[in-house]
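Residues 34 to 1089 (this note's numbering) make up the sequence shown, in order. Structure, as structure tokens:
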Amino acid sequence: MWYGKGPGVDRCGDVFKHMNHAGTSKHGGVLLVAGDDHGAYSSTLPHQSDHIFSACMIPMLYPCNVQEYLDLGLHAWAMSRYSGCAVAFKALADTVESTASVDADPFRLEIKYPEDFTMPEGGLNARLSTDTLGIQARKQEALMQDYKIYAALAYARANKLNHTTIDSPNAKLGIIASGKSYLDVLEALEELGIDETMAADIGIRVFKVAMPWPLEPDGVREFAQGLDEILVVEEKRQMVEYQLKEQLYNWRDDVRPRVIGKFDEKGEWVHPRGEWLLPPKADFSIAQIARVIAQRIARFHTSDLIKARLAFLEAKDQVLTKAVNTPPRPAYYCSGCPHNTSTKVPEGSFALAGIGCHVMATAIYPEFNKLTTHMGGEGAPWIGQAAFSQVPHVFQNLGDGTYFHSGYLAIRAAVAAKVNMTYKILYNDAVAMTGGQPVDGTISVPMIAQQMAAEGVKRIALVTEDLSRYTDRSSLPAIVSLHDRKDMDAVQRELREVSGVSVLIYDQTCAAEKRRRRKKNEYPDPNKRLFINDAVCEGCGDCGVQSNCTSILPLETEFGRKRAIDQSSCNKDYSCVKGFCPSFVTVEGGKLKKSKTGTAKTDDFGTLPEPVVASCDNPYNILINGIGGTGVITVGALLGMAAHLEGKGASVLDMTGMSQKNGSVTSHVRIANDPQRIRAQRIATGEADLVLGCDMLTAGAADAIAKMRPGRTRAVVNTHQQPTGHFAKNPEWAFPADEVRALIDESVANRSDYVDATRLATALMGDSIATNLFMLGFAYQKGALPVSEAALLRAIELNGVAIDSNKKSFLWGRRAAVDLSNVERIAIPGTPVVMQLPESLPGLIKRRVAFLTDYQDAAYAARYEELVNNVRAVEAERGLGDKLSRAVAKSYFKLMAYKDEYEVARLYTDGKFVEKLKQQFEGDFTLKFNLAPPLLAKKDAKGHLVKAEYGSWVWTGFKVLAKLKTLRGSALDVFGYSAERKMERALIGEYREAVLALLGKLSKDNYALAVEIASLPEKVRGFGHVKDKAVEQYHAELKVLREKFAAAEAGLPHAA
34 MWYGKGPGVD RCGDVFKHMN HAGTSKHGGV LLVAGDDHGA YSSTLPHQSD
84 HIFSACMIPM LYPCNVQEYL DLGLHAWAMS RYSGCAVAFK ALADTVESTA
134 SVDADPFRLE IKYPEDFTMP EGGLNARLST DTLGIQARKQ EALMQDYKIY
184 AALAYARANK LNHTTIDSPN AKLGIIASGK SYLDVLEALE ELGIDETMAA
234 DIGIRVFKVA MPWPLEPDGV REFAQGLDEI LVVEEKRQMV EYQLKEQLYN
284 WRDDVRPRVI GKFDEKGEWV HPRGEWLLPP KADFSIAQIA RVIAQRIARF
334 HTSDLIKARL AFLEAKDQVL TKAVNTPPRP AYYCSGCPHN TSTKVPEGSF
384 ALAGIGCHVM ATAIYPEFNK LTTHMGGEGA PWIGQAAFSQ VPHVFQNLGD
434 GTYFHSGYLA IRAAVAAKVN MTYKILYNDA VAMTGGQPVD GTISVPMIAQ
484 QMAAEGVKRI ALVTEDLSRY TDRSSLPAIV SLHDRKDMDA VQRELREVSG
534 VSVLIYDQTC AAEKRRRRKK NEYPDPNKRL FINDAVCEGC GDCGVQSNCT
584 SILPLETEFG RKRAIDQSSC NKDYSCVKGF CPSFVTVEGG KLKKSKTGTA
634 KTDDFGTLPE PVVASCDNPY NILINGIGGT GVITVGALLG MAAHLEGKGA
684 SVLDMTGMSQ KNGSVTSHVR IANDPQRIRA QRIATGEADL VLGCDMLTAG
734 AADAIAKMRP GRTRAVVNTH QQPTGHFAKN PEWAFPADEV RALIDESVAN
784 RSDYVDATRL ATALMGDSIA TNLFMLGFAY QKGALPVSEA ALLRAIELNG
834 VAIDSNKKSF LWGRRAAVDL SNVERIAIPG TPVVMQLPES LPGLIKRRVA
884 FLTDYQDAAY AARYEELVNN VRAVEAERGL GDKLSRAVAK SYFKLMAYKD
934 EYEVARLYTD GKFVEKLKQQ FEGDFTLKFN LAPPLLAKKD AKGHLVKAEY
984 GSWVWTGFKV LAKLKTLRGS ALDVFGYSAE RKMERALIGE YREAVLALLG
1034 KLSKDNYALA VEIASLPEKV RGFGHVKDKA VEQYHAELKV LREKFAAAEA
1084 GLPHAA
């Protein structure tokens, strides 16, 4: 048996032809499983292998569900042995990535060999020949064309692989479909209220095709007789439709049915061409098919149910226009992913992409990651372009798996072509793109380096996260230079000047693999974590720029958005510490503080009331939405197993794409008392009974909203506001919580429950991974699940991972559904630590006056209060509200509370930092501080100060500095003479003068512009060169706004 995705089928055409013509063994057989990705969910292009197999003369079977994988699999082997052909097997994610209850007995199937087919002399199986090559090839072709294909057709006919499943004595419309599309047709008919009895009554006949190529003609002839029209339902380009038209072409006009599929009656190759019915793009939804069927039967049947269904679909289209505005949650690099560093290039350069996780860099770093090519073709386009381009050099990303597969051949070609380029071979020790499999074969960094040296590359640089791996350099070629990953930018700048082909090997283990191996104690787990002092943090986002890390989360505070590290998802890469900011502290020793409530035996709840288990006489459909890597797939698997344990039918389809870390992941779970009632694996439009939104953003996406129906669907949604990966690059990104919630409520007619499951589960269990089991328990207690608690708990046991923890998480979810306030009290004792926004302007000012008094003294705070009160007075006098006063209160404070050395020291030693630290860590731990003192710090190639780690002795220095704040701004303030401090003090004065100038000209017409000008300092964030850049941007925006303000004052038309 061979397996490959669509691109693998494309590459193997020549192999398949030779194999198929050579023949198979009588007791062997060849099965070619093709993983087709019709919607390009995890591929660089959509794929349909049908036409490749037909070109190779290989019969193709297409199973529609998991049971048929077993049944048609046995038929495929038997057909291959009988016909001498290799037999193809079309596999879609809808079946491959689904789970179902099946009958696994291989002897339940009766294999029948044809009695109406005459074998040629010598049979059809593989045979040795003494003929010359040309004669042998012509004989093989003759055997294929004259016998082998017809033997496959005879086998299909004898075993009725294609057959009518719904018949009618007065059939008018015939529907023919295969594989996934066949189940979609059945589901579409059911949505229209058409069961088998009604189909027979109104004149519908359905034909199921298990072998789309070659299409067996006898069954088709019998199916087509008496029909007025045949609708062919198949995704992608026509396969069955073309064969069907060929077989029916010579029928008499008065008996030949009309055939439609991709187009209506006008057809495809005409001008003007017909209208698309079922387009060959992407994949179909059941709703699309239902619309077409309703349209085609309208001439002889309609009903109130059909009209209502079509009306619902039209209304749903209107709702989905709102869902389009929900920000997507695309797959993103894991925390600590090597590609966060390895796919960056120096300013002025760009890189070409290829196959592997690193291809996501084209979306994450589009400014310098361009174009994608096929597997093994990495760099080949540049070979053709280089001679005609003014670009002197490019980088080419190449994953280690692709390198070992075929990428090294592209490097060989580039060397031969003598082009200027650098291959970045990204060695991450796993095929991470598809879930962390080991590379097939033996590969290591020294082996790659030796092979590249032998190929004749000009220069090889090895960049690694751990220099100690190469203390012994005897296995590395002499031309290899060794570098720490912190020097990545400098190394790339050097390599881009090399004439010819150079290679950079980037050695860093896949972050997801590190995490998996650490759980098994198979990889070093440093007892070291980073912690951000949010009081010092400026919210500039430079830590995200440096690390591109999804474990850096927004923290909303009284003084604006700061940053915090999600310790549950952190993979200990430590790249974020490179952010130019003194707020990062290294915590060594100790451990994360685990809440004891998860294990405490509390009787506060007593015996929980048993909810009513939802009925599944009709299929009960559960859509689970969440974030990749958080256990969404596990929840679906548990539900499927629980249903199986109760003797119910279950189908679980996981829509994950290419590993989908940090991206949206969806599971379609369908449970029914009668397994035969479950047809299509995907939940149809408006057919979800429960939407379990483990992530609010994913639950509000168009895909999920499409499954909801008012009056049927219930939603249980986690309100935790987890940002998308793009927050690392866009610090202003805001979670649209209110908009998403309103959309969900509208879609389920307010049959919705919301709970901050992540916050509670993390507090109760000590890890955010408990969230989804908490959500499952919550939904169960609300009566939204069709399986019992006993079955779910047994499924957790059979899963065999974190059994005790998962059971407790499930129980806490149940408790929260009964008494949420009590669970919150237990999870977060005392007053919950949440942001308390000032309720009034006076409260906002009072807090900042108190802060500035501690910052410097009462006189300093009074200067602040004086300006703010002036603004309030002018606003009140002119009846303009208080938006300008609020803007000034925040912005003037921000400028006056600039974080110099004295202030950073004070914010570390005021006791609040230690208190927050102890909330997250326990045990015996020590601290190190990551600082860049101007007098001590080194500078990088760009002239920027570089941070270094300093021991706990810094505490003493901080305490002294904090007491010296009275020197701030005086002649004895040694720090005040730096350019940065002078700039900060100047900004305060500039802003004060600007505000006073605004007040003198303030009116209703220019008020909005005045508020915008007064709010600008909120964007002045960061330290050192980061702040310099922010100030430069601030002045540029301020100039534009001042010009607009002046134009508005003068009444000029361009002021708008």
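Glycine included, every Cβ here is placed at the ideal spot set by N, Cα and C.
The C-alpha of PRO202 is placed about 37 Å away from the C-alpha of PRO305. Buried is the label assigned to PRO371, since at least 16 other Cβ atoms lie within 10 Å of its Cβ. Annotation: the segment 1037-1073 contains the following complete segments of the alpha helix (DSSP H) (minimum length 4 residues), in chain order: 1040-1048.
Across the set SER134, GLU148, CYS89, the C-alpha of CYS89 shows the shortest separation from the C-alpha of VAL120. ILE458 is bridged by DSSP to LEU431, ILE538. Counting of Cβ neighbours within 10 angstroms places PRO862 among the exposed residues, the total staying below 16.
The residue from SER318, GLY236, TYR102, ALA232 with its alpha-carbon nearest to that of ASP736 is SER318. According to DSSP, GLU308 shares a beta bridge with no other residue. Annotated three-state conformation of LEU500 is helix, per DSSP. Across the set ASP800, ILE836, VAL1053, the C-alpha of VAL1053 shows the shortest separation from the C-alpha of SER924. Assignment of LEU385 by DSSP, reduced to helix, strand and coil, places it in the strand class. Around the Cβ of TRP246, a 10 Å sphere holds 16 or more other Cβ atoms; the residue is buried. At least 7 Å separates the beta-carbon of GLU898 from that of VAL921. With at least 16 other beta carbons inside 10 angstroms of its own, MET808 counts as buried. In this model, VAL490 and GLN483 are separated by some 10 Å (Cα to Cα). Collapsing the DSSP output to three states places LEU563 in a strand. Close CB contacts of TRP845 within its chain, under the 6 Å cut and outside five residues either way in sequence, are with LEU797, PHE807 (chain order). Assignment of beta-bridge partners to LYS403 by DSSP yields LEU385. By the C-beta criterion, the segment 89-108 is judged to be in contact with the segment 53-71, since at least 3 inter-stretch pairs fall below 8 Å. ALA175 and SER116 have their C-alpha atoms spaced approximately 14 Å apart.
The beta-bridge partner set that DSSP reports for PHE617 consists of ILE565. At the C-beta level, ARG362 and LEU225 stay beyond 7 Å of one another.
Of all alpha-carbon atoms in THR752, GLY623, ALA748, the one lying nearest the alpha-carbon of LEU730 is that of THR752. Under the 8 Å Cβ criterion, the segment 533-552 counts as touching the segment 603-614, having at least three qualifying pairs. For ASP957, DSSP records no beta bridge to any residue. Going by DSSP, HIS372 is part of the alpha helix (DSSP H) stretching over 372-375. Separation of ARG792 and SER801 (C-alpha to C-alpha, rounded to the nearest whole angstrom) is 8 Å. Partner residues in the beta bridge of ASP517, as assigned by DSSP, are THR497. The shortest C-alpha to C-alpha distance from CYS118 to any of GLY72, ASP567, TYR183 is the one to TYR183. Between the beta-carbon of ILE481 and that of ILE512 there is about 13 Å, and that puts the pair past the 8 Å contact cut. Taking a C-beta distance under 7 Å as the contact criterion, THR406 and PHE428 do not qualify as a contact pair.
Distances from the CA of PRO644 to each of GLN525, SER821, GLY1057 were compared; the closest alpha carbon is that of SER821. With fewer than three CB-CB distances shorter than 8 Å, the segment 570-589 does not count as touching the segment 739-749. When the beta-carbon positions are compared, GLN714 and LEU672 stay at least 7 Å from each other. Taking a cut-off of 8 Å for Cβ pairs, the segment 518-532 and the segment 376-390 touch, as three or more such pairs fall below it. Per DSSP, reduced to three states, the secondary structure at GLU779 is helical.
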